[in-house]
Amino acid sequence: MAKGDRPKADFSDVESGSSSTAPSPAGRSYTVQKGDSLSKIAKREYGDAQQWRKIYEANRDLIANPDLIYPGQVFRIPEA
Amino acid sequence: MIRRYPAVLLLAATILAAPGCKKSSDAGTPATATETATAQASITEIQLGRHLSADKRVSDATTKFSPRDTIYAVALTQGSSPNATVTARWTYEDGGQVVKEDSRSIAASGTEATEFHISKPSGWPKGKYRVTLTLNGSTESKDFEVK
Chain U
1 MAKGDRPKAD
11 FSDVESGSSS
21 TAPSPAGRSY
31 TVQKGDSLSK
41 IAKREYGDAQ
51 QWRKIYEANR
61 DLIANPDLIY
71 PGQVFRIPEA
Chain L
1001 MIRRYPAVLL
1011 LAATILAAPG
1021 CKKSSDAGTP
1031 ATATETATAQ
1041 ASITEIQLGR
1051 HLSADKRVSD
1061 ATTKFSPRDT
1071 IYAVALTQGS
1081 SPNATVTARW
1091 TYEDGGQVVK
1101 EDSRSIAASG
1111 TEATEFHISK
1121 PSGWPKGKYR
1131 VTLTLNGSTE
1141 SKDFEVK
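Sequences listed follow chains U and L, in order. All letters in the first sequence, in the order written, are residues 1 to 80 by this note's numbering. All letters in the second sequence, in the order written, are residues 1001 to 1147 by this note's numbering.
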């Protein structure tokens, strides 16, 4: 070791972790296409257009008005 | 027959006005709104501290830590990415030594908070550290110190 060099610190016992408000990609998501509505997405995902409110509730931070969704938005699709 | 028209029109109007049935391709949709919705997720802020609140934000922001502290770094992100990877790289003394590197895959949608934390039971060596968070090619760093 050259004079003045500091010995390396030992970080072998460092413990770490992580978490997120975002779901993992394993969870289903859906990217809104032109011509989509929440009812249409619910019909495709659940087979029941009346389930649109479930998607709306899971994405309230993205949807100000359930009648106004935009192509390219990525919605979380909750389990049926 | 003529008397039935108002009822038919009322029924049609009710169906069209049902929530969740309006199509996304409505004329007049502002282009800027669409562009915002399709923006790829990126890091907008890094928070550092010793504790997290329930919404995974740092509740006591600081860049000064003690050797026994658990250190939290939160990446606040904005935008949509159905499959993105956030990476945290912790380094010591001007990046000369990597302390830890972790990553987490997320389906970002809107504003999200992704936290990484490190602790060292034997105590952190005193000195200057840096955490660098990366998402979709955007990189943000923050320096901190253990005294």
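Just so you know, even glycine gets a beta-carbon here, dropped at the ideal spot from N, CA and C.
Counterpart residues of residue i in DSSP-defined beta bridges
i, result
"residue 1113 of chain L", "L:1076"
"residue 1048 of chain L", "L:1073"
"residue 32 of chain U", "According to DSSP, which records beta bridges pairwise, residue 32 of chain U is partnered with nothing at all."
"residue 1218 of chain L", "What is shown of chain L runs 1001 to 1147, which leaves residue 1218 of chain L out entirely."
"residue 1040 of chain L", "L:1080"
"residue 1065 of chain L", "L:1146"
"residue 69 of chain U", "According to DSSP, residue 69 of chain U bridges with nothing at all."
"residue 1119 of chain L", "U:15"
Rounded straight-line distance, which links the Cα of residue j to that of residue i
i, j, result
"residue 1152 of chain L", "residue 16 of chain U", "Residue 1152 of chain L lies beyond the residue range present for chain L, which begins at 1001 and ends at 1147; the question has no answer from this structure."
"residue 1093 of chain L", "residue 48 of chain U", "58 Å"
"residue 1130 of chain L", "residue 1040 of chain L", "26 Å"
"residue 1083 of chain L", "residue 1105 of chain L", "7 Å"
"residue 37 of chain U", "residue 1110 of chain L", "19 Å"
"residue 1122 of chain L", "residue 44 of chain U", "54 Å"
"residue 1086 of chain L", "residue 1053 of chain L", "20 Å"
"residue 30 of chain U", "residue 74 of chain U", "5 Å"
"residue 1155 of chain L", "residue 1097 of chain L", "What is shown of chain L runs 1001 to 1147, which leaves residue 1155 of chain L out entirely."
"residue 1080 of chain L", "residue 1061 of chain L", "26 Å"
"residue 12 of chain U", "residue 1078 of chain L", "34 Å"
"residue 1108 of chain L", "residue 23 of chain U", "7 Å"
"residue 76 of chain U", "residue 1073 of chain L", "25 Å"
"residue 1070 of chain L", "residue 1064 of chain L", "12 Å"
"residue 65 of chain U", "residue 9 of chain U", "54 Å"
"residue 1134 of chain L", "residue 1124 of chain L", "24 Å"
"residue 33 of chain U", "residue 25 of chain U", "19 Å"
"residue 56 of chain U", "residue 1126 of chain L", "49 Å"
"residue 78 of chain U", "residue 1075 of chain L", "24 Å"
"residue 46 of chain U", "residue 1099 of chain L", "46 Å"
"residue 1045 of chain L", "residue 1140 of chain L", "8 Å"
"residue 1047 of chain L", "residue 1058 of chain L", "6 Å"
Residue i, buried or exposed, once every other Cβ within 10 Å from all chains shown has been counted against 16
i, result
"residue 1030 of chain L", "Note that residue 1030 of chain L has pLDDT 37, beneath the 50 cutoff, so the model's placement of it is unreliable and no number is given."
"residue 1089 of chain L", "buried"
"residue 61 of chain U", "exposed"
"residue 59 of chain U", "buried"
"residue 1147 of chain L", "exposed"
"residue 1027 of chain L", "With a pLDDT of only 36 at residue 1027 of chain L, under the threshold of 50, the placement of this residue in the model should not be trusted; the figure read from the coordinates follows. With fewer than 16 other Cβ atoms within 10 Å, it is exposed."
"residue 1049 of chain L", "buried"
"residue 51 of chain U", "buried"
"residue 1103 of chain L", "exposed"
"residue 1091 of chain L", "buried"
"residue 1115 of chain L", "buried"
"residue 39 of chain U", "buried"
"residue 1128 of chain L", "exposed"
Residue span of the alpha helix (DSSP H) that contains residue i, given as start and end
i, result
"residue 1106 of chain L", "Note, residue 1106 of chain L: premise wrong, no alpha helix (DSSP H); beta strand (DSSP E) at 1097 to 1108."
"residue 43 of chain U", "38 to 46"
The beta strand (DSSP E) enclosing residue i, as first and last residue numbers
i, result
"residue 1089 of chain L", "1081 to 1092"
"residue 56 of chain U", "It is not in any beta strand (DSSP E) - residue 56 of chain U instead sits in the alpha helix (DSSP H) that spans 52 to 58."
"residue 1135 of chain L", "1127 to 1135"
"residue 16 of chain U", "15 to 20"
"residue 76 of chain U", "74 to 76"
- Message: Can you pull out the residues from the region 39 to 52 of chain U whose beta carbon lies closer than 7 Å to at least one beta carbon of chain L?
- Response: Per Cβ criterion, the list reads 39, 52.
- Chain-ordered residues of the region 1059 to 1071 of chain L with a beta carbon less than 8 Å from chain U: Those residues of the region 1059 to 1071 of chain L that come within reach of chain U (Cβ to Cβ, closer than 8 Å) do not exist; the list is empty.
- Task: Note down, in chain order, all residues in the region 1104 to 1134 of chain L with a beta-carbon under 9 Å from any beta-carbon belonging to chain U.
- Result: 1104, 1105, 1106, 1107, 1108, 1109, 1110, 1111, 1112, 1113, 1114, 1115, 1116, 1117, 1118, 1119, 1120, 1121, 1122, 1124, 1125, 1127
- Query: Between the region 6 to 24 of chain U and chain L, which residues of the former have a C-beta closer than 9 Å to a C-beta of the latter?
  - Reply: 6, 8, 9, 10, 11, 13, 14, 15, 16, 17, 18, 19, 20, 21, 22, 23, 24
- Check distances from the C-beta atoms of the region 1046 to 1058 of chain L to those of chain U and list, in chain order, the residues that come in under 8 Å. 1055, 1056
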